[in-house]
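Numbering (our numbering), first residue to last: 5 to 156. Below is one structure, written out as structure tokens; the observations come after it.
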């Protein structure tokens with residue numbers, strides 16, 4: 005097979021966390037096309053999750069990448085990010101952002117233990133596209149934290 009006739013490699017999978025505009029609700033998901041999936045959550049395209057109908061416009065909170073084409077691993081980490089309703093019992097009445105931050109830390113620890121080398125390579129990229137960023141001086145690396153909701 006020649007390089008011109010070979011099929012393009014499938015896009016890599018990733019997990020993501022989004023929040024509604026007031027940061028009172030969060031959602032965890034996985035996909036191999038983040039742009040399309042965010043448009044679905046915002047209601048621009050058909051197929052968004054029922055749980056995010058009131059999110060538009062959703063705020064991208066963080067992305068976990070490094071799964072490659074391993075959909076199963078991405079889904080396993082997504083499941084741990086969701087914790088299927090047990091997060092309130094486990095973490096009490098903390099805000100949804102704090103609960104997700106704690107679940108994210110646990111999901112990454114699980115990945116390191118159970119996904120082998122892939123779990124070690126996972127990268128968390130934080131960002132709120134609408135949040136202003138100011139240049140900062142380089143500092144020693146620290147554990148990443150999720151942004152707090154804007155004060156009203």
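Idealized CB from N, CA, C, for every residue including glycine.
Report yes if the C-beta distance between residue i and residue j is below 8 Å; otherwise report no.
i          : j           : result
residue 78 : residue 13  : no
residue 84 : residue 127 : no
residue 49 : residue 43  : yes
residue 32 : residue 113 : no
How would you call residue i, buried or exposed, if buried means at least 16 neighbouring beta carbons within 10 angstroms?
i           : result
residue 107 : buried
residue 45  : buried
residue 15  : exposed
residue 133 : The predicted model places residue 133 with a pLDDT of 46, which falls under 50 and marks its position as unreliable; any figure quoted below should be read in that light. It is exposed - the Cβ of residue 133 has fewer than 16 other Cβ atoms within 10 Å.
residue 87  : buried
residue 11  : exposed
residue 60  : exposed
residue 76  : exposed
Can you tell me which of the options puts its alpha carbon nearest to the alpha carbon of residue i?
i           : options          : result
residue 51  : 20, 40, 66       : 40
residue 101 : 114, 109, 28, 73 : 28
residue 21  : 38, 64, 53       : 64
residue 53  : 67, 66, 71, 30   : 30
residue 38  : 26, 19, 119, 129 : 19
residue 120 : 103, 71, 98, 99  : 71
Give me, in chain order, the residues of the same chain whose beta-carbon lies closer than 8 Å to that of residue i; leave out the 5 immediate sequence neighbours on both sides.
i          : result
residue 74 : 17, 122
Can you list, in chain order, the residues of its chain with a C-beta nearer than 6 Å to that of residue i? Leave out the 5 residues immediately preceding and following it.
i           : result
residue 111 : 81, 84, 85
residue 67  : 18, 20, 129
residue 23  : 30, 63, 65
residue 131 : none
residue 36  : 15, 17
Excluding sequence positions up to five away, which residues of its chain have a Cβ less than 7 Å from the Cβ of residue i?
i           : result
residue 55  : 31
residue 116 : 123, 124
residue 25  : 61, 63
residue 47  : 60
State yes or no: is the C-beta of residue i nearer than 7 Å to some heavy atom of the ligand PLP?
i          : result
residue 81 : Here there are no bound small molecules, and the ligand PLP is not part of this structure.
Entirely within the stretch 33 to 88 and at least 4 residues each: give me those alpha helix (DSSP H) ranges in chain order.
-> 38 to 45, 75 to 86
Length at least 4, wholly inside the stretch 106 to 137: the alpha helix (DSSP H) runs in chain order = 121 to 125
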